[in-house]
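Everything on this sheet refers to the single structure shown next.
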Amino acid sequence: NAGVTQTPKFQVLKTGQSMTLQCAQDMNHNSMYWYRQDPGMGLRLIYYSASEGTTDKGEVPNGYNVSRLNKREFSLRLESAAPSQTSVYFCASSDPRDRGLNEQFFGPGTRLTVL
Amino acid sequence: AQSVSQHNHHVILSEAASLELGCNYSYGGTVNLFWYVQYPGQHLQLLLKYFSGDPLVKGIKGFEAEFIKSKFSFNLRKPSVQWSDTAEYFCAASRAPGGFKTIFGAGTRLFVKA
Numbered sequence: 020n021a022g023v024t025q026t027p028k029f030q031v032l033k034t035g036q037s038m039t040l041q042c043a044q045d046m047n048h049n050s051m052y053w054y055r056q057d058p059g060m061g062l063r064l065i066y067y068s069a070s071e072g073t074t075d076k077g078e079v080p081n082g083y084n085v086s087r088l089n090k091r092e093f094s095l096r097l098e099s100a101a102p103s104q105t106s107v108y109f110c111a112s113s114d115p116r117d118r119g120l121n122e123q124f125f126g127p128g129t130r131l132t133v134l
Numbered sequence: 254a255q256s257v258s259q260h261n262h263h264v265i266l267s268e269a270a271s272l273e274l275g276c277n278y279s280y281g282g283t284v285n286l287f288w289y290v291q292y293p294g295q296h297l298q299l300l301l302k303y304f305s306g307d308p309l310v311k312g313i314k315g316f317e318a319e320f321i322k323s324k325f326s327f328n329l330r331k332p333s334v335q336w337s338d339t340a341e342y343f344c345a346a347s348r349a350p351g352g353f354k355t356i357f358g359a360g361t362r363l364f365v366k367a
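These protein sequence lines map, in sequence, to chains X and F. Okay, so the first sequence: first residue is 20 according to the numbering used here, each after it adds one. Okay, so the second sequence: first residue is 254 according to the numbering used here, each after it adds one.
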């Protein structure tokens with residue numbers, strides 16, 4: 020089991036460029052999440068997908084879009100990158116049906132710098 | 254509004270010292286509570302979790318946490334820290350049962366001096 024995988028690991032963009040962060044999980048989890056991690060602010064939820072075919076906004080969705088491609092894959096797109104989107108991005112998955120407990124499993128992260 | 258507060262942003266301890274990291278949450282209704290750890294250069298992993306039953310929960314590597322409902326707290330403890338415990342620790346909460354959104358605290362960076 021690879022768990023949760025993310026690509027790329029590092030990325031540098033210029034302001035206005037677009038890119039897609041990829042995430043896949045092999046644990047047969049229903050729910051998937053995208054977070055950003057900034058110093059002193061912990062993890063903030065960008066978007067989540069409770070189940071295949073659904074997506075919902077989290078705390079900080081502006082400037083991002085997501086696609087739940089299938090049960091395994093959940094991508095995050097930046098249409099026009101801004102320096103404020105410089106951050107480390109984590110994908111996570113969970114199965115809240117498991118004892119009603121939303122224990123999350125995280126990927127290794129993508130470090131994104133927007134110049 | 255739902256929130257999770259961690260009292261200390263940076264903690265420096267010597268090996269063998271005792272550790273207590275504070276966490277308070279503001280969340281209506283029943284909650285699940287978690288502590289996650291992020292070792293340098295690694296991704297977050299679960300340290301321990303509370304969802305029901307005994308309010309004193311034990312996790313990996315000798316960590317434990319106590320859920321005190323009346324104080325809305327879930328503090329993390331370890332009697333004797335090691336250099337390898339140097340990491341960032343995050344408290345988190347989600348609605349029970351089966352809440353999708355998890356709220357994370359800002360994190361506490363622990364540095365253990367050898």
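Heads up, the beta-carbon is just placed ideally off N, CA and C, and yes, glycines get one too.
Asked	Found
For K90(X), the three-state DSSP class (helix, strand or coil)	coil
Distance CB(Y67(X))-CB(D57(X)) smaller than 8 Å	no
Whether V310(F) touches L301(F) by CB criterion (8 Å)	yes
Test item: CB-CB of G358(F) and G61(X) under 8 Å	yes
Same chain only: Cβ atoms within 6 Å of V284(F), ignoring 5 sequence neighbours per side	A346 and A349
Span separating the alpha-carbon of E273(F) from that of L329(F)	5 Å
For S94(X) and Q41(X), believed in contact at Cβ under 8 Å, the rounded distance	5 Å
Continuous alpha helix (DSSP H) assignments of at least 4 residues falling wholly in the segment 31-107 of chain X	none
Start and end residues, beta strand (DSSP E) containing W288(F)	V284 to Q291
Proximal residues to E78(X) (C-beta, below 6 Å), its chain only, five neighbours per side dropped	R63 and L64
Below-8 Å beta-carbon distance, Q41(X) vs any chain F residue	no
Contact set between P127(X) and chain F, taken where Cβ atoms lie within less than 7 Å	H296
Residue-chain proximity (L299(F), chain X), Cβ-Cβ < 8 Å	yes
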